[in-house]
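Trainee: One structure is given below, represented as structure tokens, and several questions about it will come after.
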Amino acid sequence: MLSRLRLFTATCFLLLVQAAFAAGQTELVWYGHAAFKLKTPGGKILLIDPWITNPANKNGKEDLAKLDKADLILISHGHFDHVGNAVEIAKKTGARLVSTFDLGRALVQYGGYPKDQMGFDTQGNFGGTLTLLDGEVKITFIPAVHSSTVMAPEGSPDKDIHDGGHPGGFLIAVKGGPTLYHTGDTDVFSDMALISRFAKVDLMLACIGGHFTMDPERAAHAVRLVGPTTVIPMHYGTFPVLAGTPERLAAALKRQGSKARVEVLTPGQTLRF
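Written out as structure tokens, the structure reads:
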């Protein structure tokens, strides 16, 4: 009887330790293209450029259906492949929109994002930092070299293309977790070197597809400027013109003598920190 009691006590203790360990982790899920889900140690959910049903994600419809919680939706610029399923998710979860003020206004006016889920508390501009979710995250707006336009949802009589402000990326510092830099769509630019003066980047989520953004070779230069510990390639392979590959990125980094580690994810894969 005593042995069983000890075994039961030990099992309960192990489960409690495992639960505490899991609760203290940061989780990052890649859905393909530029779409990520970030879960903080406190259980808050951030979605970044949530095109969940992109062609690279074979389980996109199922993944979208399972997304029943989101606290913040971060959108880097107004193109359809980054706005993605944001409106549908926002209406289902009540998630607030994190974007530049100009983009947020355009998404509400033309893109269908719920107006009462966007305001000054989650809107900013480049160089500004927002402290959100009771201090769980700090989000800094980083510029990008690209473009940004907004179109009305499919089926709308509005067929015009509307200005979406300036494109950007996000530096996300998680309390008790890593600091991530999501580049959005961009080319390499020299001011990326300034990012490391304000924060040590643990994870750089870098576009590498080429054609519309920097390719792997140019992305390698961007990694050198930012100096992350790990780089996760994104925005490649979704369409034939996005021909950049993680292998080319790794080779370019090696040629430059970079110590950054390339972490290649598959759509739906989760990393834990």
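Using mature numbering (1 follows the signal peptide of the UniProt record, and there is no 0), the letters of the sequence shown map in sequence onto residues -22 to -1, 1 to 251. We treat Cβ as the ideally placed atom computed from N, Cα and C, and that holds for glycine. Because the structure is a prediction, the values reported are computed rather than measured.
May I ask you to report which of helix, strand or coil DSSP gives threonine 71?
Mentor: Correct three-state label for threonine 71: helix.
Trainee: Out of Thr223, Lys15, Pro131, which one is the CA nearest neighbour of glycine 56?
Mentor: If we check each option's Cα against that of glycine 56, Pro131 comes out closest.
Trainee: Give the C-beta separation of proline 224 and valine 201 to the nearest angstrom, bearing in mind that I take them to be a contact with Cβ-Cβ under 8 Å.
Mentor: At roughly 12 Å, the Cβ-Cβ gap does not stay under 8 Å, so proline 224 and valine 201 are not in contact.
Trainee: Taking glycine 38 as the reference, give the member of Ser126, Gly215, Gly62 with the closest Cα.
Mentor: Comparing Cα-Cα distances from glycine 38 to each of Ser126, Gly215, Gly62, the minimum goes to Gly62.
Trainee: If you reduce the DSSP assignment to three classes, tell me which class methionine 170 lands in.
Mentor: DSSP places methionine 170 in helix when its eight states are reduced to three.
Trainee: If you scan the region 142 to 217 from start to end, which runs of the beta strand (DSSP E) of 3 or more residues do you find wholly inside it?
Mentor: Here the runs fully enclosed are 146 to 152, 157 to 160, 181 to 185, 208 to 212.
Trainee: Between which two residues does the beta strand (DSSP E) containing glutamate 5 stretch?
Mentor: Where glutamate 5 is concerned, the enclosing beta strand (DSSP E) stretches over 5 to 8.
Trainee: Please specify which runs of the beta strand (DSSP E), each continuous and at least 3 residues long, are wholly inside the region 84 to 148, giving them in chain order.
Mentor: Segments of the beta strand (DSSP E) lying fully in the region 84 to 148: 107 to 110, 115 to 121, 127 to 129, 139 to 141.
Trainee: I'd like to check one pair, methionine 182 with tyrosine 159: are the Cβ atoms closer than 8 Å?
Mentor: A contact, by the Cβ cut-off of 8 Å.
Trainee: Would you decide whether glycine 98 is buried or exposed? Buried here means 16 or more other CB atoms lie within 10 Å of its CB.
Mentor: Residue 98 is actually phenylalanine in this sequence, not glycine. Under this definition phenylalanine 98 is an exposed residue.
Trainee: I need the DSSP call for leucine 251, collapsed to helix, strand or coil.
Mentor: Here residue 251 is phenylalanine; the residue named in the question, leucine, does not match the sequence. In this structure, phenylalanine 251 counts as coil in the three-state DSSP scheme.
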